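Undergrad: I'd like to ask some things about the structure below.
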Amino acid sequence: MIPVKSTQEQRTDYTRAITEKWHTATTDQKRQGRDWYTTAHNLAVEIAGGDAKKGAGVLAALSANKSWTENCRLARKAFTEGTAAGGHVRDALTKANRIMAGTDPSEVLPIHLKTGYFYLCIADPENTEAVVIDRHAHDIAVREIYGQRDRGLGALGRYNLLADCYRNAAHEIGEIPSKVQAVTWVSHIERE
């Protein structure tokens with residue numbers, strides 16, 4: 741697990757790893773990544789009958805430990821049936837149902853961690869600060885595939901450290917952080 745209080749040298753290395761992953765992404769991977777949150781936003785609007793915040797909130801609430809395909813299936817099912825029931829842990833279902841009942845997602849989701857930032861990026865794909873740090877974003881920054889090992893991303897300091905590295909990389913690249921995260925994510929998951 742990376743240290744919460746990293747040295748400037750470590751931070752620079754994490755940022756460099758992110759920018760290097762960006763530069764090795766293919767043209768198609770960059771297109772996919774740049775479009776990722778806009779596509780997710782459009783899905784959120786569609787499934788929630790025009791309410792992007794509600795759709796994004798439910799997608800985020802049901803995202804933990806699910807593939808994007810399964811995440812979308814569960815969110816569609818919840819809106820179609822009028823309730824999130826089954827297919828996930830009780831906490832995620834409860835959060836999704838609270839959001840569907842009208843509670844603002846920012847009151848339900850942990851806004852300063854992965855699920856909350858996922859919501860913010862889907863709700864507003866042009867958000868200039870929000871960045872999702874998931875296991876893939878972590879592994880890109882540290883240049884190591886952790887597999888099932890704990891990355892410690894529940895620690896706010898470690899999460900913020902990596903989010904800042906993505907923001908720094910985005911500044912160097914001239915792109916918004918969520919798009920840098922999404923492009924590097926696409927490149928990472930499509931690796932050989």
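When you line the sequence shown up against the working numbering, it's residues 741 to 932, in that order.
We treat Cβ as the ideally placed atom computed from N, Cα and C, and that holds for glycine.
Keep in mind the model is a prediction, meaning the values are calculated, not measured.
With a threshold of 16 other CB atoms inside 10 Å of the CB of Thr855, please say whether the residue is buried or exposed.
TA: As a position in the sequence shown, residue 855 is number 115, starting the count at 1. Classification of Thr855: buried, given that the 10 Å Cβ count is 16 or more.
Undergrad: What would DSSP say about Thr924, mapped onto helix, strand or coil?
TA: Translated into the one-based positions of the sequence shown, residue 924 becomes position 184. Looking at Thr924 - three-state DSSP - the assignment turns out to be helix.
Undergrad: Does the region 798 to 814 come close enough to the region 752 to 768 that 3 or more CB-CB pairs lie under 8 Å?
TA: In short, these stretches do not touch, since the Cβ pair count stays below three.
Undergrad: With Gly892 as the anchor, note down where its alpha helix (DSSP H) starts and where it stops.
TA: The residue given as residue 892 occupies position 152 in the sequence shown. From DSSP, Gly892 is part of no alpha helix (DSSP H); its letter is neither H nor E.
Undergrad: Need the endpoints of the alpha helix (DSSP H) that Asp768 sits in, please.
TA: Taking the sequence shown and counting its residues from 1, one reaches residue 768 at position 28. Taken as a continuous stretch (DSSP letters only), the alpha helix (DSSP H) holding Asp768 covers Thr767 to Ile787.
Undergrad: To the nearest angstrom, how far is it from the Cα of Asp775 to the Cα of Lys919?
TA: The residue given as residue 775 occupies position 35 in the sequence shown. The residue given as residue 919 occupies position 179 in the sequence shown. Going from the Cα of Asp775 to the Cα of Lys919 covers about 8 Å.
Undergrad: Just how far apart, CA to CA, sit Ser927 and Asp831?
TA: Position 187 of the sequence shown, counted from the first residue, corresponds to residue 927. Position 91 of the sequence shown, counted from the first residue, corresponds to residue 831. Looking at the two C-alpha atoms, the distance is approximately 31 Å.
Undergrad: Does the distance from the C-beta atom of Leu853 to that of Tyr899 stay below 8 Å?
TA: Taking the sequence shown and counting its residues from 1, one reaches residue 853 at position 113. Taking the sequence shown and counting its residues from 1, one reaches residue 899 at position 159. Contact flag set, yes.
Undergrad: Using CA coordinates, which residue listed in Val848, Asp864 and Leu901 is at the minimum distance from Asp874?
TA: In the sequence shown, counting from the first residue as 1, residue 874 sits at position 134. The shortest Cα separation from Asp874 among Val848, Asp864 and Leu901 belongs to Leu901.
Undergrad: Can you tell me which of the three DSSP states Arg931 falls into?
TA: Walking along the sequence shown from the start, residue 931 turns up at place 191. It is coil, neither helix nor strand.
Undergrad: Comparing C-alpha positions only, which one of Trp925, His828 and Tyr886 sits nearest to Val871?
TA: Along the sequence shown, read from residue 1 onward, the residue named residue 871 stands at position 131. Ranking Trp925, His828 and Tyr886 by Cα distance to Val871 puts Trp925 first.
Undergrad: Measure the C-alpha to C-alpha separation of Arg751 and Val744 and round it to an integer number of angstroms.
TA: Translated into the one-based positions of the sequence shown, residue 751 becomes position 11. Translated into the one-based positions of the sequence shown, residue 744 becomes position 4. Computed Cα separation, rounded: 11 Å.
Undergrad: Between Asn805 and chain C, is there a C-beta pair that is closer than 8 Å?
TA: Among the chains of the structure shown, chain C does not appear; only one protein chain is present.
Undergrad: For the alpha helix (DSSP H) that contains His828, what are its first and last residues?
TA: Numbered from its first residue, the sequence shown carries residue 828 at position 88. Segment: none, His828 is in no alpha helix (DSSP H) and carries neither H nor E.
Undergrad: Decide if Asn805 is buried, meaning its Cβ has at least 16 other Cβ atoms within 10 Å, or exposed.
TA: Mapped onto the sequence shown, residue 805 falls at position 65. It counts as exposed.
Undergrad: Using the C-alpha atoms, what's the distance from Glu786 back to Ala818?
TA: In the sequence shown, counting from the first residue as 1, residue 818 sits at position 78. In the sequence shown, counting from the first residue as 1, residue 786 sits at position 46. Roughly 13 Å between the two C-alpha positions.
Undergrad: Looking only at C-alpha atoms, which of Ala841, Ala801 and Asp844 sits nearest to Gly827?
TA: In the sequence shown, counting from the first residue as 1, residue 827 sits at position 87. Of the listed residues, the one whose Cα sits closest to Gly827 is Ala801.
Undergrad: From the DSSP output, in three-state form, read off Val848 for me.
TA: Here residue 848 refers to the residue found at position 108 of the sequence shown. In this structure, Val848 counts as helix in the three-state DSSP scheme.
Undergrad: If Val798 and Ile839 are in contact, beta carbons under 8 Å, what's the gap, nearest whole angstrom?
TA: In the sequence shown, the residue the question calls residue 798 occupies position 58. In the sequence shown, the residue the question calls residue 839 occupies position 99. Between Ile839 and Val798 the Cβ distance is about 5 Å, and since that is below 8 Å, they are a contact.
Undergrad: Which residue marks the beginning of the alpha helix (DSSP H) containing Gly795, and which one marks its end?
TA: Residue 795 sits at position 55 when you count from the first residue of the sequence shown. First-last of the alpha helix (DSSP H) with Gly795: Ala792 to Ala801.
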